[in-house]
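*Asks:*
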Amino acid sequence: VFATWKMPGLDAVTVLEMCRARDPNINVVVVSSELDDTAIMRIVEAGAHDILLMPHFVRLGFVMRHAKMEAVEREWRRLEEEKYREKDSLCRALVEQEVAGIFIFRGDRTIRFVNPRFAKMLGYDVVDVVGRDFAPFVVEGVRSQTIKMFEQEASGRSHSVQVSSRIQTKSGGTADLFGQLTAGNYLG
1 VFATWKMPGL DAVTVLEMCR ARDPNINVVV VSSELDDTAI MRIVEAGAHD ILLMPHFVRL
61 GFVMRHAKME AVEREWRRLE EEKYREKDSL CRALVEQEVA GIFIFRGDRT IRFVNPRFAK
121 MLGYDVVDVV GRDFAPFVVE GVRSQTIKMF EQEASGRSHS VQVSSRIQTK SGGTADLFGQ
181 LTAGNYLG
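Anchor point for the sequence shown: position 72 equals 72 in my numbering, and the numbering is continuous, going up by one each time.
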């Protein structure tokens with residue numbers, strides 16, 4: 001969109017605000033024969049893509065190419081963010097599903113994340129499990145062996161370990177724990 005600094009009934013800043021309200025990705029170039037520093041600051045703060053001073057339209061081709069490149073880049077970034085949100089949503093749905101219990105712990109065995117199914121297996125709410133040491137949840141007879149596997153995996157000495165153990169539930173019962181233990185970086 002090209003807008004002159006002063007038009008009958010409105011100015012370029014008003015045009016910029018109207019364009020931003022409709023679509024924040026619209027490039028607005030302000031054209032004027034003369035502008036003072038205050039006007040330039042208002043135009044820049046309002047989000048103008050560029051300012052062309054008449055009669056110096058030699059920059060017009062450059063300004064238009066640059067505006068087009070920025071629009072293409074913004075669209076690419078929007079599509080990439082959309083893909084990321086979709087993948088994130090799928091991963092979140094997988095982790096939070098109720099079929100398998102999933103937990104994430106740090107090298108010091110502090111539980112960083114559990115999905116609702118894992119918390120339910122233990123007989124707790126999610127908030128009651130996160131932040132606690134994992135060791136007390138492991139049945140005492142297999143605790144040292146299980147913790148040794150966890151520590152070996154957390155240290156990076158193995159790529160992936162199959163785990164078969166028993167966990168202690170809140171009610172005093174036990175539940176079988178079968179799964180794959182894999183080291184990774186948790187960013188949550």
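Backbone N, C-alpha and C fix where the C-beta goes; we use that ideal spot for every residue, glycine too.
Please report the straight-line C-alpha distance between residue 137 and residue 89, rounded to a whole angstrom.
*Replies:* Cα to Cα, residue 137 sits roughly 30 Å from residue 89.
*Asks:* Could you name the residues that DSSP lists as bridge partners for residue 26?
*Replies:* DSSP, once it has assigned bridges, lists no residue as partnering residue 26.
*Asks:* Output the boundary residues of the beta strand (DSSP E) element that contains residue 104.
*Replies:* Segment 103-105, the beta strand (DSSP E) holding residue 104.
*Asks:* Leaving out the 5 sequence neighbours to the left and right, which residues in its chain are closer than 8 Å to residue 135 when beta-carbon positions are compared?
*Replies:* Taken in chain order, the residues that qualify are 109, 143, 147.
*Asks:* Ordered along the chain, which non-local residues of its own chain (more than five positions away) have a Cβ less than 7 Å from that of residue 129?
*Replies:* If we look at residue 129 and ignore the five residues flanking it on each side, its Cβ neighbours are 111, 114, 119, 122.
*Asks:* Expressed to the nearest angstrom, what Euclidean distance is found between the alpha-carbon atoms of residue 176 and residue 80?
*Replies:* Going by the C-alpha atoms only, they are around 41 Å apart.
*Asks:* In the DSSP output, what is residue 6 paired with across the bridge?
*Replies:* DSSP lists 11 as partners of residue 6.
*Asks:* Can you tell which of 55, 54, 49, 76 has its C-alpha closest to the C-alpha of residue 65?
*Replies:* With distances taken between Cα atoms, residue 65 lies closest to 49.
*Asks:* Compare the C-alpha of residue 19 against each of 179, 34, 46, 9 and name the closest.
*Replies:* Nearest of 179, 34, 46, 9 to residue 19, Cα basis: 46.
*Asks:* With DSSP run on the structure shown, which of helix, strand or coil describes residue 48?
*Replies:* In this structure, residue 48 counts as coil in the three-state DSSP scheme.
*Asks:* For the beta strand (DSSP E) containing residue 109, name the first residue and the last one.
*Replies:* Run containing residue 109: none; DSSP gives neither H nor E here.
*Asks:* Please state the DSSP three-state secondary structure of residue 35.
*Replies:* If DSSP states are grouped into helix, strand and coil, residue 35 belongs with coil.
*Asks:* With distances taken between CB atoms, is the gap from residue 30 to residue 16 smaller than 9 Å?
*Replies:* Yes; because the gap between Cβ atoms is below 9 Å, this pair is in contact.
*Asks:* Where DSSP assigns a beta bridge to residue 43, which residues make up the other side?
*Replies:* Its beta-bridge partners do not exist; DSSP assigns none.
*Asks:* Closer than 8 Å by C-beta to residue 34: which residues in its own chain qualify, once you throw out the five before and the five after it? Chain order, please.
*Replies:* Answer for residue 34: 53, listed in chain order.
*Asks:* Can you name, in chain order, every residue of its own chain whose Cβ lies under 8 Å from the Cβ of residue 174, other than the five neighbours on each side?
*Replies:* Answer for residue 174: 139, 166, 167, 168, listed in chain order.
*Asks:* Indicate the three-state DSSP secondary structure (helix, strand or coil) for residue 165 in the structure shown.
*Replies:* In this structure, residue 165 counts as strand in the three-state DSSP scheme.
*Asks:* Identify whether residue 179 lies in helix, strand or coil by the three-state DSSP scheme.
*Replies:* DSSP places residue 179 in strand when its eight states are reduced to three.
*Asks:* Assuming residue 178 contacts residue 160 (C-beta within less than 8 Å), just tell me the rounded distance between them.
*Replies:* That pair is no contact at about 14 Å.
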